[in-house]
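Structure, as structure tokens:
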Amino acid sequence: MERPVRVRFAPSPTGALHIGGVRTALYNYLFARQHGGKFLVRIEDTDQERFVEGAEEYIYETLHWLGIPADESSEVGGEYAPYRQSERKEIYAKYIQILLEKGHAYYAFDTKEEIEDLRNRLEAAKSTNPSYNALTRQQMKNSLTLPAEEVQRRLEAGEPHVIRLKTPPREEIRFHDLIRGAQYIHSSTLDDKVLIKQDGLPTYHFANVVDDYLMRITHVFRGEEWLPSAPSHILLYQFFGWEAEMPLFAHLPLILAPDGSKLSKRKASEYGIPVFPLFWHNHETQEDIKGYRENGYLPEALINFLALIGWNAGTEQEIFSLEELVPLFKIEQIHKAGARFDIEKAKWYNEHYLRHKDNTELASLLIESSLLTPEGGISAELAGKLVVLMKDRATFPADMWQKVPYLFHAPTEFDATVTGDSKKWHDEAKNFIKELSEKLTDFTQDWTAESIKHFIHEVAEAKALKVGKFMQAIRTATTGAGQGPDLMLILEILGKTETQARWARVEHI
RNA sequence: GGUCUGUUCGUCUAGGGGUUAGGACGCGUCCCUUUCACGGAUGAAACACGGGUUCGAUUCCCGUACGGACUACCA
Numbered sequence: 042m043e044r045p046v047r048v049r050f051a052p053s054p055t056g057a058l059h060i061g062g063v064r065t066a067l068y069n070y071l072f073a074r075q076h077g078g079k080f081l082v083r084i085e086d087t088d089q090e091r092f093v094e095g096a097e098e099y100i101y102e103t104l105h106w107l108g109i110p111a112d113e114s115s116e117v118g119g120e121y122a123p124y125r126q127s128e129r130k131e132i133y134a135k136y137i138q139i140l141l142e143k144g145h146a147y148y149a150f151d152t153k154e155e156i157e158d159l160r161n162r163l164e165a166a167k168s169t170n171p172s173y174n175a176l177t178r179q180q181m182k183n184s185l186t187l188p189a190e191e192v193q194r195r196l197e198a199g200e201p202h203v204i205r206l207k208t209p210p211r212e213e214i215r216f217h218d219l220i221r222g223a224q225y226i227h228s229s230t231l232d233d234k235v236l237i238k239q240d241g242l243p244t245y246h247f248a249n250v251v252d253d254y255l256m257r258i259t260h261v262f263r264g265e266e267w268l269p270s271a272p273s274h275i276l277l278y279q280f281f282g283w284e285a286e287m288p289l290f291a292h293l294p295l296i297l298a299p300d301g302s303k304l305s306k307r308k309a310s311e312y313g314i315p316v317f318p319l320f321w322h323n324h325e326t327q328e329d330i331k332g333y334r335e336n337g338y339l340p341e342a343l344i345n346f347l348a349l350i351g352w353n354a355g356t357e358q359e360i361f362s363l364e365e366l367v368p369l370f371k372i373e374q375i376h377k378a379g380a381r382f383d384i385e386k387a388k389w390y391n392e393h394y395l396r397h398k399d400n401t402e403l404a405s406l407l408i409e410s411s412l413l414t415p416e417g418g419i420s421a422e423l424a425g426k427l428v429v430l431m432k433d434r435a436t437f438p439a440d441m442w443q444k445v446p447y448l449f450h451a452p453t454e455f456d457a458t459v460t461g462d463s464k465k466w467h468d469e470a471k472n473f474i475k476e477l478s479e480k481l482t483d484f485t486q487d488w489t490a491e492s493i494k495h496f497i498h499e500v501a502e503a504k505a506l507k508v509g510k511f512m513q514a515i516r517t518a519t520t521g522a523g524q525g526p527d528l529m530l531i532l533e534i535l536g537k538t539e540t541q542a543r544w545a546r547v548e549h550i
């Protein structure tokens with residue numbers, strides 16, 4: 042009875058993948074790996090009107106970037122191909138026939154206007170279930186109410202129609218959700234879902250059940266938004282006689298905006314939260330939107346952060362690699378309530394992984410982050426030094442050069458909390474800096490942080506002065522900022538000539 | 001409106017009939033440090049409300065309030 046675990050991530054290529062979808066994919070991946078099963082990606086492209094060019098490639102690029110690729114997909118193929126629903130049309134046609142023959146589905150010829158009329162009437166009458174359902178279908182134009190000959194005639198004449206699920210009027214539907222436990226829903230609250238649309242393609246409700254069955258899916262992880270329609274899916278499994286092979290369901294809590302509402306694109310940008318994993322160009326609005334990757338988030342940080350939204354190992358551990366997550370992930374530990382997105386914590390994870398990253402790797406990330414900017418083409422040598430200088434004070438790779446503009450341009454403004462403070466900025470300090478610049482002419486050693494430090498100390502000692510008293514003044518005169526990373530390393534990066542020039546200018550500050 | 005679903009520090013969460021209700025992010029203070037940051041230490045900060053059940057409820061039950069999802073020939 043134990044079947045090999047097979048889970049699927051079933052995104053719809055209607056635009057860039059949403060961050061919530063990324064988490065769903067991650068949970069699917071973790072579960073599959075843990076059980077030595079298969080993780081598949083099935084493209085749910087049955088809505089031709091909403092199809093967006095490039096969206097499918099985007100999904101795969103995201104999974105590759107995060108290191109959670111699919112075992113079977115429309116990209117790599119697999120035993121149960123095709124994995125694109127638009128290519129499975131005949132399969133659905135065959136299976137809907139079974140339902141039709143068994144009397145669990147029926148043809149409906151109603152126009153959109155007629156359906157809208159029905160809803161308006163029912164709402165006006167304060168119906169508790171104002172929909173096309175087991176009760177109201179009696180008043181509509183369908184193969185249940187029309188004479189068989191007329192149905193036949195309409196079908197042969199090619200009249201537009203849909204095929205609907207014949208929901209039983211009074212039946213308790215029960216199923217077990219792995220996260221929420223036992224679910225009981227009365228069929229009288231359901232509607233007769235459209236299974237096959239007028240264009241001949243199936244709706245999600247139908248395609249998803251048929252495909253999950255055919256692809257031997259054992260567990261369905263999907264967003265909470267599917268919970269209300271799950272009973273209709275259960276009905277489908279029952280009508281097909283597939284209960285024994287029905288997958289177990291786990292409806293994941295939603296990821297919410299900081300204010301507790303749905304994390305929409307608009308809401309997200311309002312709070313400075315990226316919603317997309319990668320860069321996305323919206324052809325409709327001509328909008329370019331940066332993703333987590335372009336913002337400088339590391340994949341391991343995103344994975345760790347996402348995994349902990351709505352799930353917890355039950356320990357006090359906060360840092361998990363993908364590999365660590367695999368054996369630990371438990372459905373029972375998935376939270377029921379929606380979780381608000383906390384960008385500060387995401388940044389903290391990024392800082393953590395940044396600090397633990399290999400310097401060479403960081404240097405190439407840094408260079409990459411500068412490529413399309415005026416500073417572009419930061420040399421490997423400079424990048425290496427910047428990493429040492431800035432690793433501990435950066436949230437994103439680009440911070441390592443963006444937070445030190447004075448390394449690229451001499452400052453024109455100087456921190457007034459220093460230059461305006463007579464205890465920190467006085468003639469003695471200015472004279473000392475001036476002297477440093479003059480003495481630098483005779484400096485012949487290698488220009489390194491170490492030798493520079495030695496030099497400054499020597500000059501100070503010769504005059505019986507304490508260096509500490511001038512350090513902040515030197516820093517401000519050099520960088521314009523009263524605070525920052527290691528000054529000696531900054532001077533080393535600046536080079537002797539530039540350092541001397543900046544120091545020489547001290548009297549004009 | 002209806003159906004479903006949820007509610008522990010500001011946020012993510014652990015816990016579960018008797019606990020000083022634990023951790024993390026963020027915030028405050030201190031230490032380290034030439035500054036800042038890192039790091040370390042430390043502090044403030046929560047069981048939505050009302051009824052039960054019970055010797056005892058934050059924990060179990062029922063309501064209330066407040067969220068959220070769904071209510072398409074979209075997924």
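Count along the first sequence from 1, then add 41; that gives the number in my numbering. For every residue, glycine included, the Cβ atom is placed at its ideal position computed from N, Cα and C. From a predicted model like this one, the values you see are computed outputs, not experimental measurements.
In the assembly as shown, P272 is a buried residue. Its beta-carbon has 16 or more other beta-carbons within 10 Å. The beta strand (DSSP E) runs of length 3 or more contained entirely in the region 282-333 are, from start to end of the chain, 289-293, 321-323, 328-330. Relative to the Cα of G61, the nearest Cα in the group P318, T540, E364 belongs to P318. In the structure shown, the three-state DSSP call for Q179 is helix. Here the region 77-95 makes no contact with the region 379-393; the two share fewer than three CB pairs at distances below 8 Å. In the same chain as I109, and ignoring 5 residues on each side of it, the C-beta atoms closer than 7 Å to its own belong to A66, L67, Y70, in chain order. Taking a cut-off of 8 Å on C-beta distances, the region 96-104 touches the region 319-333, as three or more cross pairs fall below it. In this structure H246 is not in contact with L289, their Cβ atoms being roughly 18 Å apart against a cut-off of 8 Å. Looking from the CA of E479, the closest CA among I534, D462, W544 belongs to W544.
Membership of L363 in the alpha helix (DSSP H) is indicated by the continuous run 363-369. One alpha carbon belongs to E212, the other to D218, and they sit about 19 Å apart. Taking a contact as a CB-CB distance under 8 Å, the pair S184 and Y133 does not count as one, their CB atoms being some 18 Å apart. N174 is positioned such that its CB atom lies closer than 9 Å to that of S229. In this structure, A380 lies near G351, with their beta-carbon atoms less than 9 Å apart. Contact annotation, A435 with K444: C-beta distance approximately 7 Å; criterion of less than 8 Å satisfied. Residue nearest to Q513 within the set V192, H467, I408 is H467 (criterion: CA-CA distance).
In the structure shown, P340 adopts helical secondary structure according to DSSP, grouped into three states.
Comparing alpha-carbon positions, the option among T520, I474, Q524, D483 lying closest to L506 turns out to be I474. The region 365-442 is shown to contain no whole beta strand (DSSP E) run of 3 or more residues. Taken through DSSP and simplified to helix, strand or coil, L481 comes out as helix.
Distance from the Cα of N400 is smallest, within the candidate group I419, Y390, A424, for A424. In the same chain as K143, and ignoring 5 residues on each side of it, the C-beta atoms closer than 8 Å to its own belong to F280, in chain order. Annotation for D88: no alpha helix (DSSP H) segment contains it, and DSSP assigns it neither H nor E. In the DSSP annotation of this structure, the continuous segment of the alpha helix (DSSP H) that includes V251 starts and ends at 245-255. It is roughly 14 Å from the alpha-carbon of Y394 to the alpha-carbon of L347.
Collapsing the DSSP output to three states places E43 in coil.
G199 carries a coil assignment under DSSP once its states are collapsed to helix, strand and coil. CA-to-CA, the gap between T103 and I419 works out to about 27 Å.
With fewer than 16 other beta carbons inside 10 angstroms of its own, S362 counts as exposed. Rounded to whole angstroms, the Cβ separation of V508 and H498 is 6 Å, and the two are in contact under 8 Å. Within the same chain, Cβ atoms closer than 6 Å to the Cβ of L295 are found at E265, G379, the five residues on either side in sequence being excluded. In this chain, the beta strand (DSSP E) harbouring Y148 covers 146-149.
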